[in-house]
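In order, the protein sequences belong to chains X and F.
Per the numbering used here, residue 52 is the first one in the first sequence, and the count goes up by one each step.
Per the numbering used here, residue 3 is the first one in the second sequence, and the count goes up by one each step.
C-beta: ideal position from N, C-alpha, C; glycine also.
Nothing here was measured: the structure is a model prediction, and the numbers come from that model.
Take a look at the structure set out below.
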Amino acid sequence: MSCEPVRPSKEDSVSFDKQTTWEGAPFSVTVLMKAVPASTEVAMDPVTHTIVRDGGAAVLNPYDTAALELALELKAQLEGEGVPVVVSVLSMGISATADLLRDAVARGANRALLLSDRAFAGSDTLATSYALELGLRELGDQDLVLCGKMAVDGDTAQIGPEVAAGRRWPCVTGALSVEPAPLPQMTRAALAEAGLVASQVFEGEKRRVGVPLPCVVTVDKDAAALRMPSVTGVLEAQKSQVEVRGAAQLGADLAQCGLEGSPTQVVRCCVPETSGACRLLAGSPAQIAEQLSAIVDQSEGA
Amino acid sequence: MAALKPMDETLAGYLADESRTHGAAQAIAFPVSEAEVVEVVCQVRQDASGPITIQGARTGLAAGAVPYGGTVLNTSRMNRVTGLVSHGDGSFSVQVQPGVVLQDLRRDLERKSFDTTGWSQDSLDALEAFKAAPAQFFPTDPTETSACLGGMAACNASGARSFRYGPVRPHISGLRLVTAAGDVIDLVRGQVRAQDGILALATQSGASLEIPVPSYEMPQAKCASGYFASPAMDAVDLIIGSDGTLGVITQLTCDLLPVPALTWGVNCFFSAEDAALSFVELLQEAASAPAYVPAAEKPVASEAGTSVLQDAIVALEYFDGDALDILRAQRAQDPAFSSLPELRCQERVCVYCELAASDHGLMIEAVAKISEAMESVGAQPDLSWVGTMAADRERQRFFRHAVPESVNLLIDSYRAKDPAVTKVGSDMSVPRGKLRQVMELYRSTIQASGLQSAAWGHIGDNHLHVNLLPRNEAQWHQAKDLLALWAKEISAMGGAVSAEHGVGKIKRDFLMPMYGPEGVRAMARTKLALDPEGLFGQGTLFSLELLQEEAARQGVSGKGC
C-alpha cells in the first residue's frame, strides 16, 4: 500500500537540526476575513452601484480562506521547529459573521475577533482598514497579517495594502505561498530580520520575493485549498468564544467609521481598459512613490 | 414531422450507451413533441421497421438504450420544461419532457428561471408563486447528472440521496405514455390503482386496457429490477422502472421539495471495514425508514430512531480500502488528482455522511451524534473531514467522483494490455439487517477468486457497487461468473439484482433467480398487454424467445414488428 505523510515538510527551505531559542510571546499571525454573499448572482443597487446585501446566506471570501490555509501551514511548519504560534482571525461584519469565524476556529485558528457595530455600516475600504487596524491593536502585537488579495464581492484589492500603509509595514500582494526564509538559528530576532519568502505572479511572471517581518501579505485564491475541519474540530469550536467588539469598546473615532469615514463615491462600475504599454520607474521606494503619485494625478487630470 | 432517418456512420454514437455495449439499427428519429412520437410509432408500425428502442441521454449502464435492430426513438430533443404546478400549500411540481437533462433542470430550479414559451396561464401563475417561495429542488441524485429525466424514470434511478428520499419513483406524480398502438395514456398518481391483480387503463382515444400485475413480492430493498408490482399499486409505478419496454414517456410531473437550510458532508475514516460496518448499522438504526418501502410497510421507528439523526442523514456512502488505495496511487502520479485532500495511512476505509438540517444548532447536534457513533465503534472522530462550505463540499464531491474515475483509469491500463477486459461491476442491494451477510459473501468469494476489486456506493441502502478488475480474458469470465453467483445468493437474501441502474439487456438473466421463471413470465404478460407485438425495447428485461413463447401462449404477435 502506498501512503503519503500527513503534511509534506518543507525541508528544502528549513533545516531541522538547527537550534530554536524562542523567547517571549508566540509568533502572532492574524488573518483578515470577510463574509461575502454565498450566491454568485447578486443584485446591484442602481443608485449607489454597490452590492445589495439583503442578509442572505454568506460565506468566507475564498481569497481569505486561501490566506487562512497559508497561515495554518506556516503555523504547522514553525511549531514543528519549536516556535509557538497563535493564528487569529479578524473580521468586520454583522453578528452572524461569528459563525463563519467559529468555522475558521474549527479548522485550526486559535482566536477569533469580530468587529460588529452599526457605526461600521457602509464602510468603504478606508473606513474598513481603519476598523481592522483597531481590531489588530485589540489582538495585540502582530508578526504577520495575512488576507485575501481581494474580496469576490467588492473586487477592490485595497484592504491589505491600506492596512500595511497604516502600519507602515511592507506588503506583498497576490502571494501564492509564504514560508520562513532559511535560518541557521531560529530566534524571534533572526526570524524578524530574515522574514518570509513569498511567491507571486506579477505581470504574468512567477517570482519569489523576500520580505522582513512584521509585514502584510495578501494571498491569491489559488494559493491553497482551505483544509476541512474534523468532527472534533467542529465540536470543539462550538465551545470557543468569538470575541465581539463595538466601536466604543475599540475607542474608535466615529468620524473615521462607516459612511461618515468613507470618502469613496462609486460613480459607475466598468471593466478597466488596459494597454500593453509599460513604463519602468526607477529610484528609491520614496522616489518611485512620488513618480507614481504624479502619474495618477496626471491621469486624473486627463 | 419527425422524419425517420436511415442510420449512417455519423449516427453511430446512437448505437451504444455508457454500458459500452454496441447494437445495430436501420433508422433513427428525433421527435420534439408527443405528437411527433405518435407519428414515429405509427410510421414504424406501418413500415414494419420495428422494433423501437427508446433512448434518452444514453448514460445508462445496463444497455437499455442500445438497439437490437429496427428503429431508435431518441428523446433528447424533447428537452423542454413544459409547465409548473403550484399545489397551494407551498409545494410545487415541475412538468418536463423526457429529454430534459437533470443538471439543466437543477440549474433552472436554482435560478427560478425557465423558458416559458407555450406555458399555460396556470403555469405562469405558478411560476410567480414559485419565485416568491423558498428555494426548491428535485431530490433524486444519480451520480451522472447528464442523465435525462425520462431515462431516470425508465430505470427508477436513485443515487446517494436515496437513503433519505428513496429512488425517483415516489417523486413522480404523473406521466404521459405513448403506447405501441400510437395511443396516449395520461396517468396521475392516485387515480388508477390495481384491483384484483389488474390495472384498468383508459387511453386518450377511448380504448380500455386491462394490464395484469405480476404477483411476485418486491424485495424490501432498493430495487430497479423489472416491473414494480404490489396488490394495490398505482399505475404510475408500473411505468417507472419499466426500462423502456411498455411505451414512450412523453411527459413527467416531478414533485419538488424545499432545499434544506443547511447541508454538510462528513467523511468519516476507519482503520478497518468491520468498524465502518458497525458505524453504518448504528446510523441506519437511527435514521428514518427508507422511502422505497411502501408507507404501510414502514417499520415503526425504534428508540434510536427518535434521535436528531433521524431527520439529518440524507446519504451514507462507502469507499473500501481497495478503492482508496487505487485513489492514493492515482493521486501520487496524476496532477489532475492533486487537489484531493491527503489520505493518511490510518484512513483505510471511508463512510461519507450527507447531513441536512433546518438550523445550525441541529446540524451541530447531528455532528455530535456522528462523533459518538465513531467513538462507539472504536474510531477516532478527528479522522474526518466536515464539509461546511460550498468549497469543501466541492472537494468532497471530487473525492467521491475520483474514486470510480481512478478505478476506470486502472482498468483502462489493463485493457491496453488485453482488449478483452472490462470492469465488471455489481448494482445489487439487500434488505436492512443483511449488510454483514452480503459483505461476507463479497469478501469470501472475491478472496477465493483471487480477483482484484474495489467497492464503493450507497451503503446506507445496503447497496454497493462491487467492481471486479480482471487483467485478462480468463479473469473477465471468472468475474462474470462471480456476478451471476452474487445475483443468485442476493436473490436468496431477499435482495435486488439491480438496485438503481435498471436491468436493461445485460442483467436480464439475473431476473430468473430473483423472480423465478413464473415471475419473469408474469412480467412478460404485463408487457404484452400494453405492447402485444413486443415493439418496445427488444432484448430488454426479456429474451426475444421468452417473449415470443409467452406471446404464443397469449395468442398475440410478440414479433417485435
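DSSP state of LYS257(X) mapped onto helix, strand, coil: strand
Spatial neighbours of ALA155(X) in its chain, beta-carbon cut-off 8 angstroms, leaving aside the 5 residues before and after: Cβ-Cβ distances below 8 angstroms link ALA155(X) to VAL82, MET84, LEU111, LEU119, VAL140 and ALA163 in the same chain, with the five nearest sequence neighbours on each side left out; the list follows chain order.
Alpha-carbon to alpha-carbon, LEU513(F) and SER227(F): 7 angstroms
Identity of the residues DSSP links to MET237(X) by a beta bridge: THR71(X)
Which of helix, strand or coil DSSP assigns to GLN138(F): strand
In DSSP terms, what LEU177(F) is bridged to: Secondary-structure assignment with DSSP links LEU177(F) through a beta bridge to LEU189(F) and LEU254(F).
Chain F within 7 angstroms of VAL295(X), Cβ atoms only: no
7 angstroms Cβ cut-off: residues of chain F touching GLN128(X): Per Cβ cutoff of 7 angstroms: no residues; GLN128(X) is ~16 angstroms from chain F at best.
Buried versus exposed call for VAL134(X) [16 or more other C-beta atoms within 10 Å across all chains shown]: buried
Any C-beta of chain F under 7 angstroms from that of PRO88(X): no
THR176(X) versus GLU351(X): straight-line alpha-carbon distance, rounded: When only Cα atoms are considered, THR176(X) and GLU351(X) end up about 20 angstroms apart.
8 angstroms Cβ shell around PHE132(F) - same chain, five flanking residues per side excluded: LEU86, SER88, PHE94, LYS114 and GLN138
Bounding residues of the beta strand (DSSP E) (the contiguous stretch that carries MET143(X)): 136–143
Cross-strand partners of GLN57(F) (DSSP beta bridge): ASN76(F)
Cross-chain neighbours of ASP394(F) in chain X, by beta carbon under 7 angstroms: Scanning chain X for C-beta atoms nearer than 7 angstroms to the C-beta of ASP394(F) yields MET279, reported in chain order.
Where GLU219(F) falls: helix, strand or coil (DSSP): Correct three-state label for GLU219(F): coil.
Inter-stretch contact (C-beta, 8 angstroms, three-pair minimum) for the stretch 295–314 of chain X and the stretch 171–188 of chain X: For the pair of segments examined, the stretch 295–314 of chain X was found to touch the stretch 171–188 of chain X: the number of CB pairs separated by less than 8 angstroms reaches three.
PRO231(X) beta carbon less than 7 angstroms from that of VAL136(X): If you check the CB distance, VAL136(X) and PRO231(X) do not come in under 7 angstroms.
Same chain only: Cβ atoms within 6 angstroms of VAL267(X), ignoring 5 sequence neighbours per side: VAL196, GLY211, VAL214, ALA215, TRP220 and CYS222
Cutoff 7 angstroms: PRO383(F) Cβ touching any chain X Cβ: Judged by the 7 angstroms Cβ criterion, PRO383(F) is in contact with chain X.
The stretch 400–415 of chain F / the stretch 298–308 of chain X touching (three or more Cβ pairs under 8 angstroms): Flag = no, the stretch 400–415 of chain F and the stretch 298–308 of chain X do not touch.
Close-in-space but distant-in-sequence residues of the same chain around LYS490(F) (CB under 8 angstroms, 5 per side omitted): PRO515
As assigned by DSSP and simplified to three states, the class of ILE200(F): strand
Residues bridged to TYR354(F) [DSSP beta-bridge criterion]: ASN269(F) and GLU319(F)
Beta carbon of VAL405(F) nearer than 7 angstroms to that of ALA334(F): no
Residues that PHE538(F) bridges to, as DSSP identifies them: ILE54(F)
Assigned exposure category for SER493(F) - 16 Cβ within 10 Å defines buried: Label assigned to SER493(F): buried.
Any C-beta of chain F under 7 angstroms from that of GLU62(X): Legend: pLDDT at GLU62(X) = 40, less than 50; position of this residue unreliable, no value from coordinates given.
Coarse secondary structure for GLU20(F), derived from DSSP in three states: coil
Proximal residues of chain F, C-beta to C-beta of THR358(X) below 7 angstroms: As displayed, chain X neither begins before 52 nor continues past 353, which places residue 358(X) out of reach and without an answer.
Complete beta strand (DSSP E) runs within the stretch 452–517 of chain F (minimum length 3 residues, chain order): 455–460 and 465–470
For PHE400(F) and LEU342(F), believed in contact at Cβ under 8 angstroms, the rounded distance: LEU342(F) to PHE400(F), Cβ: 6 angstroms. Contact.
Coarse secondary structure for VAL302(F), derived from DSSP in three states: Model confidence at VAL302(F) stands at a pLDDT of 39, short of 50, so the residue's coordinates are unreliable and nothing is read from them.
Straight-line Cα distance separating LEU179(F) from GLN97(F): 14 angstroms
For GLY199(X), three-class secondary structure by DSSP: strand
Alpha carbon of THR205(F) to alpha carbon of ALA86(X), nearest angstrom: 57 angstroms
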